[in-house]
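Undergrad: Just so we're on the same page, our numbering is the position in the sequence shown counted from 1, plus 1. Have a look at this one.
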Amino acid sequence: MFARVKKTGPYEYLQIVENRREGKKTIQRVIATVGRMEQLQAKGDIENLVRSLS
Numbered sequence: 002m003f004a005r006v007k008k009t010g011p012y013e014y015l016q017i018v019e020n021r022r023e024g025k026k027t028i029q030r031v032i033a034t035v036g037r038m039e040q041l042q043a044k045g046d047i048e049n050l051v052r053s054l055s
C-alpha cells in the first residue's frame with residue numbers, strides 16, 4: 002500500500018492505494034480517500050497520519 006495525491010479539477014485529494022496483479026496486469030485499488038490536501042495541511046493532520054503509518 003502507498004499514499005498518493007490525486008488531482009480532480011482544482012482540488013487535490015490524499016488517497017491510500019494498493020497494487021495487485023490480475024494475470025499480466027497490475028491493478029490499483031483505492032482503499033480510502035483521506036481528504037482534501039489543503040484541509041489536511043491546514044489542520045496539521047498529514048504529519049499525524051504519517052507518524053501513525055510508520
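Cβ coordinates follow ideal geometry from the N, Cα and C atoms, glycine included.
To the nearest whole angstrom, what separates the beta carbons of L41 and L15, a pair I think is in contact under 8 Å?
TA: On the sequence shown, residue 41 is found 40 positions in, with the first residue counted as 1. On the sequence shown, residue 15 is found 14 positions in, with the first residue counted as 1. The Cβ separation is near 6 Å, so the contact holds.
Undergrad: Give the straight-line distance between the Cα atoms of G105 and E19, rounded to the nearest whole angstrom.
TA: This structure leaves residue 105 out entirely; the chain is present only between 2 and 55.
Undergrad: Quick one: Cα of T34 to Cα of K8, how far?
TA: Taking the sequence shown and counting its residues from 1, the one referred to as residue 34 is at position 33. Taking the sequence shown and counting its residues from 1, the one referred to as residue 8 is at position 7. The alpha-carbon atoms of T34 and K8 are separated by roughly 12 Å.
Undergrad: Pull up the DSSP beta-bridge partners for I28, would you.
TA: Residue 28 sits at position 27 when you count from the first residue of the sequence shown. R21.
Undergrad: Using 8 Å for Cβ pairs, my map puts I17 next to I32. What's the rounded Cβ distance?
TA: As a position in the sequence shown, residue 17 is number 16, starting the count at 1. As a position in the sequence shown, residue 32 is number 31, starting the count at 1. That belief holds up - the Cβ atoms of I17 and I32 are roughly 4 Å apart, short of 8 Å.
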